[in-house]
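Read the structure below first, then the notes.
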Amino acid sequence: MVGGLIVGGIALVCVIFWMRARYRMRDRSRYLLGETRRDEAALSVRAGVDLERFFILSQRLLWGQTQPDLFTVDLDAVIAELLGEYPDFFVAHLVVAFIRREQGEDELADEALARARAIEAKLDTPPELSLRHLLPTEDEWAGIPPKVSLQVVVPGVVWRVPAYFVHGKAPLHEVSNATIVRRRDGGLVIYNPVDVPLEIRDQILELGEVTHLVIATKFHNHFISATQKLFPGAKTYGVRGHLKNPPSKDLHFDGFLREGEPLFPGEIDEFAFGGHEFEEVVMIHRDTRTAILHDLLVSNRAGLEGHTFWIRLYSFCWGIDERVGVLSYQVILWTKFLSVRRTVRALLLADVERVLVAHGPVVPAPGESPQLHRALGWVCELGPIEHLVLIRDFFGGQPGFFRDFIRYMIRG
Ligand SMILES: [Fe+2]
């Protein structure tokens, strides 16, 4: 009897806390993280459709196609579902074109793209509200990457260089940017090093000696070997997760970033996101007030150099358009929410003038105000139960991902 009352009491308290968290989250969008439901509704108005099911189905397709080792998705069935629910939404056809192109089904891809273009061409949306920027250019669709060049962010101190790369045999290019920082001692550190042509390598070496290559997020491994060959004298630093992650576990590292022991104390501050599957370490270069991020934030801004069709579409489907933000799946990767929130709070105290992300424009637009607070400030307003609400809502729409995600976590 007493035991029953205790269990009942605990259950009641849990229900009250859950309902309170739900109430506190009532105005938050679960698809555009950090934004409100009003923002989500405004985007739906721009799209001309209610985007909720579009987000769910397009995300299922994107992960099913780009991460088949982790997520099992019947792509044909989901494509039929998406087109059945959104026959007149050009971005739905664009997603299908993307999937078919990545699959090597070029005829089907071309047909889907033609449908997307035809539908979009009939719209009379004002340019400032149009989603036309999501369409691929002719070069992007043909798999022709933009020309790469070394670009100045802060004269004499910070540079960026992009690498456009494909996944396997798929022709569509993703982009990842390296950030090069000249330290006070003249040596260069490259964050998120990427493979570059020899002429760019030589331009970098003219800036100074490359002493460090730093890959500050667990899931970046693509260019480590190549850049070690380009800069053989540099030491390579990763995060400890690189030792476990299959694509990087056999690569050479000279060391790993450690919380509380920054590589360049007093000059480049490090904010380690423990409790996040990315294991990302955000850098703040004090002298230029520059934040350097890898995967934690993505920037999707029409018209700035460095976005590709791949990145624009992927970012849109995960809730980022015309802003810097957190892709909406990240909430399921926060394994220790309080740790993530603590690091966000510390990071937001930093004095930052510009934000450089690996997947975003090569150089931010001039005069762009700091984006960190808008992109991450909302995390500080959540509690652990609100985080659980976000996770439940995510998996509520994606039960198949829940099954696959549990399998991933057990496998480690
Ligand atoms: Fe990435």
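Numbering that gives the first Met the number 0 puts the first residue of the sequence shown at 0, with every later residue one more than the last. Glycine is no exception: its CB is placed at the ideal position from the N, C-alpha and C atoms. Here the structure is a predicted model, which means the values were calculated and not measured.
Of the residues A115, Q64, R29 and P86, the one placed nearest F394, counting alpha carbons only: Comparing alpha-carbon positions, the option among A115, Q64, R29 and P86 lying closest to F394 turns out to be R29.
Opposing strand residues paired with A290 [DSSP bridges]: I283 and V354
Collapsed DSSP secondary structure at Y190 in the structure displayed: strand
For K335, three-class secondary structure by DSSP: coil
N-terminal and C-terminal residue of the beta strand (DSSP E) that F164 is part of: V157 to F164
Sequence ranges, alpha helix (DSSP H) only - wholly within the segment 207-266, length at least 4: Taking only runs of at least 4 residues, the alpha helix (DSSP H) segments lying wholly in the segment 207-266 are 223-229.
Under the three-state DSSP convention, the category F270 falls into: strand
I179: first and last residue of the uninterrupted beta strand (DSSP E) it sits in: Element bounds for I179: E173 to R181.
Proximity test, T216 beta-carbon vs ligand 1 heavy atom, cut-off 8 Å: yes
For V343 and L292, the rounded distance between their alpha carbons: 13 Å
Paired residues, beta bridge with R322 - DSSP: N299
4 or more residues per run - each alpha helix (DSSP H) lying fully within the segment 108-167: 137-141
beta-carbon A225 near ligand 1 non-hydrogen atom, thresh 8 Å: no
heavy atom of ligand 1 below 8 Å from S338 C-beta: The nearest non-hydrogen atom of ligand 1 is 8 Å or more from the C-beta of S338.
Between the CA atoms of Q202 and Q150 - distance to the nearest angstrom: Computed Cα separation, rounded: 11 Å.
Nearest candidate by alpha-carbon position, reference A108, set P170, L337, K146 and Q58: Of the candidates P170, L337, K146 and Q58, the one whose C-alpha sits nearest the C-alpha of A108 is P170.
Under the three-state DSSP convention, the category R52 falls into: helix
M282, buried or exposed, once every other Cβ within 10 Å from all chains shown has been counted against 16: buried
Coarse secondary structure for H386, derived from DSSP in three states: helix
Bridge-paired residues (DSSP) for H306: None; H306 has no bridge partner.
Simplified DSSP assignment, three categories, for T342: T342 falls in the helix class under three-state DSSP.
Local Cβ density within 10 Å of R25, reported as buried at 16 or more and exposed below that: It is exposed - the Cβ of R25 has fewer than 16 other Cβ atoms within 10 Å.
Euclidean distance between Cα positions of I409 and F401: Cα-Cα distance, rounded: 12 Å.
Cutoff 6 Å; reference G376; Cβ partners in own chain excluding five residues on either side: none
Status (buried if at least 16 other CB within 10 Å, exposed otherwise) for Y22: exposed
Proximity test, A162 beta-carbon vs ligand 1 heavy atom, cut-off 8 Å: If you check the C-beta of A162 against ligand 1, you find no heavy atom less than 8 Å away.
Integer Cβ distance of Y163 from A177, believed to fall under 8 Å: Wrong, their Cβ atoms sit about 12 Å apart, outside the cutoff.
According to DSSP, residues forming a beta bridge with T65: None, per the DSSP bridge assignment.
Heavy atom of ligand 1 within 8 Å of A357 beta-carbon: yes
Cβ-heavy atom distance, S314 to ligand 1, below 8 Å: no
Contact test: S175 Cβ vs ligand 1 heavy atom, cutoff 8 Å: yes
Cα-Cα separation between V209 and R182, rounded to whole angstroms: Taking the straight line joining both Cα atoms gives about 10 Å.
Heavy atom of ligand 1 within 8 Å of H92 beta-carbon: no
Of the listed residues W62, S57, Q66 and F70, nearest to F89 (C-alpha basis): The shortest Cα separation from F89 among W62, S57, Q66 and F70 belongs to S57.
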